[in-house]
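So for the sequence shown, the UniProt record's numbering puts the first residue at 1; every next one is plus one.
For each residue, glycine too, the CB sits at the ideal point set by N, CA and C.
Since we're looking at a predicted model, the values are computed, not measured.
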Amino acid sequence: WPNLVAILAADTGGFRIYGEKLRPFLDSGSEEKIPIYSAIYAATEGLLGVNTDVEAKSYVLHPRAMFFEFLPEERSHNSGAPPTELKTLFLEQLEPGKCYELIITNLTGLYRYRFGDVVRCVGYEGEAPIVEIAYRKGQFLNARGERYSEEDFYKALRRTADLHWRRELVEYACVEFY
Numbered sequence: 001w002p003n004l005v006a007i008l009a010a011d012t013g014g015f016r017i018y019g020e021k022l023r024p025f026l027d028s029g030s031e032e033k034i035p036i037y038s039a040i041y042a043a044t045e046g047l048l049g050v051n052t053d054v055e056a057k058s059y060v061l062h063p064r065a066m067f068f069e070f071l072p073e074e075r076s077h078n079s080g081a082p083p084t085e086l087k088t089l090f091l092e093q094l095e096p097g098k099c100y101e102l103i104i105t106n107l108t109g110l111y112r113y114r115f116g117d118v119v120r121c122v123g124y125e126g127e128a129p130i131v132e133i134a135y136r137k138g139q140f141l142n143a144r145g146e147r148y149s150e151e152d153f154y155k156a157l158r159r160t161a162d163l164h165w166r167r168e169l170v171e172y173a174c175v176e177f178y
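So this is what it looks like as structure tokens:
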């Protein structure tokens with residue numbers, strides 16, 4: 001496809017492995033790198049953010065799409081409190097480099113809903129924070145009491161496949177074994 005400019009697809013989080021599989025086909029035979037553009041951060045609950053940089057895997061949160069609150073990561077894991085009792089932060093209070101659990105209120109009736117995504121603030125565009133999806137709160141691997149995010153597990157598995165097995169990681173699954 002000589003006129004291909006970009007591919008519109010999700011290649012963050014658990015979909016990252018598929019973007020990496022596609023990359024050799026996109027880079028072969030062309031002078032310019034063809035990006036995989038993850039244009040929006042959305043879910044059934046609504047639109048959360050828009051990616052304003054084709055090369056980035058980050059999203060500017062859309063403040064008119066829904067109301068956002070953020071629970072700092074260190075308070076997120078230990079909090080069994082109902083959302084109405086949580087002391088949260090607002091858009092303008094996020095600090096670049098820190099992670100936050102996302103809590104949303106939308107126009108269709110979800111009130112202070114703990115969305116499940118943990119995002120990392122990477123900066124601001126105007127007054128709107130730019131975030132990367134760090135991990136899904138419920139998607140941790142518990143290995144002998146240590147908790148590993150999906151991203152950390154994937155990086156370790158990929159490194160092992162490359163360095164020790166000298167094999168290409170095609171796909172993987174992780175299950176509990178007792």
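Counterpart residues of residue i in DSSP-defined beta bridges
i            : result
proline 129  : Tyr124
arginine 64  : None, per the DSSP bridge assignment.
tyrosine 36  : Residue 36 is actually isoleucine in this sequence, not tyrosine. The partner list for isoleucine 36 (beta bridge, DSSP) reads Ile7.
arginine 136 : Asp117
glycine 49   : Tyr41 and Leu61
alanine 143  : Glu146
Other residues of its chain near residue i: CB distance less than 8 Å, five sequence neighbours each side excluded
i           : result
residue 179 : Nothing can be reported for residue 179: it is not among the residues displayed for the chain, which extend from 1 to 178.
Proximal residues to residue i (C-beta, below 7 Å), its chain only, five neighbours per side dropped
i             : result
lysine 57     : Thr12, Ser38 and Glu132
glutamate 127 : Glu92
Three-state class that DSSP yields for residue i in the structure shown
i            : result
proline 24   : helix
tyrosine 154 : helix
leucine 86   : coil
glutamate 74 : helix
alanine 43   : strand
arginine 166 : coil
Distance between residue j and residue i (C-alpha atoms, nearest Å)
i                 : j            : result
arginine 158      : valine 175   : 17 Å
threonine 44      : valine 118   : 17 Å
leucine 107       : leucine 163  : 49 Å
phenylalanine 153 : arginine 136 : 13 Å
valine 105        : glycine 123  : What sits at residue 105 in the sequence shown is threonine, not valine. Straight-line Cα distance between these residues: approximately 23 Å.
Cβ-based neighbour list, residue i, same chain, cut-off 6 Å, excluding 5 preceding and 5 following
i            : result
glycine 49   : Tyr41, Tyr59, Val60, Leu61 and His62
arginine 147 : Phe140
Checklist entry - Do the region 158 to 170 and the region 86 to 95 meet, that is, are 3 or more Cβ pairs less than 8 Å apart? => result The region 158 to 170, when compared against the region 86 to 95, does not touch it at the 8 Å Cβ threshold.
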